[in-house]
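Trainee: Numbering (full-length UniProt numbering), first residue to last: 1 to 268.
Backbone N, C-alpha and C define an ideal beta-carbon position, used for all residues, glycine too.
Have a look at this one:
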């Protein structure tokens, strides 16, 4: 292949990739908004417990699985419980950061779209946290659920009354599940291997973990999935085109151009 074509492809890819320092600031701002925004809506404890009672009964009306029964299956193995706690505590942020770095470096034509989806999903989640504070299942002792992180470790939360690092009454929607879905959707969309659909295991496993550890209700994950679906559809036309080299570039760097035959002169 002509070196000029490769140069054209590199130039086109470079134009699709935003400046690294501006993206670093944007991503840091996204994560800070996630933490600070949760703190800004903290303190509505009474409403959070009332909404928890509503969500619990709505799930029973919708015949969703009982979180307590599902957790009892997990509690049969202490090793499994500890693994679920570690997954909840460790995977969420690093997996999302690794996804953004991969898309920025290797799939720049898809990067901006999925970075925007993450930003909008986080903003929508924080808005819902404000209007609909929700105590997680682990705080509802009457349901027979166990705070597995507090009992078995490791735990990322302190006592709700003294925890100044996070808003523990912000279960709806589950941004753990939402971000995992964005990661899976982005990798499936941006890659072409036959095994790319295995990335769906990440949000599925995340949903099972957050429910099994009593950090979220099933509806928290369902609402997050609905928001991600809306954002995927809304941004489907905003994505940059594939980094291919225009036909004019290929022709100008060595592709043979067919010469037209001179028209025969008709005898007069």
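What's the gap between the Cα of residue 315 and the Cα of residue 214?
Mentor: Only positions 1 to 268 of the chain appear in this structure, which leaves residue 315 out of reach.
Trainee: Excluding the 5 residues preceding and the 5 following residue 125 in the sequence, name in chain order all residues of the same chain whose CB lies nearer than 7 Å to its CB.
Mentor: So the list reads 173, 175, 178, once near-sequence residues are dropped.
Trainee: Within a Cβ cutoff of 7 Å, which residues of the same chain sit near residue 275, ignoring the five residues on either side of it in sequence?
Mentor: Within the shown structure, residues of the chain are numbered from 1 to 268, placing residue 275 beyond reach of any answer.
Trainee: In this structure, how does DSSP classify residue 134 when only helix, strand and coil are distinguished?
Mentor: Correct three-state label for residue 134: strand.
Trainee: Mind checking whether residue 210 and residue 121 have CB atoms under 8 Å apart?
Mentor: Against a cut-off of 8 Å, the Cβ pair of residue 121 and residue 210 comes out as no contact.
Trainee: Any idea which residues DSSP pairs residue 170 with across the strands?
Mentor: Answer is 134, bridged to residue 170.
Trainee: Tell me which residues share the same chain as residue 49 and place their Cβ nearer than 6 Å to its Cβ, disregarding the 5 neighbours each side in the sequence.
Mentor: Within the same chain, residue 49 has close Cβ partners 135.
Trainee: Could you tell me which of 223, 53, 102 sits nearest to residue 142, measuring between CA atoms?
Mentor: If we check each option's Cα against that of residue 142, 53 comes out closest.
Trainee: Consult DSSP for residue 214 and reduce its assignment to one of helix, strand or coil.
Mentor: If DSSP states are grouped into helix, strand and coil, residue 214 belongs with coil.
Trainee: Measure the alpha-carbon distance for residue 193 versus residue 46 and round it to whole angstroms.
Mentor: Their Cα atoms are separated by approximately 49 Å.
Trainee: Assuming contact is defined by CB atoms lying nearer than 8 Å, are residue 152 and residue 76 in contact in what I supplied?
Mentor: Not in contact: residue 152 and residue 76 (Cβ atoms no closer than 8 Å).
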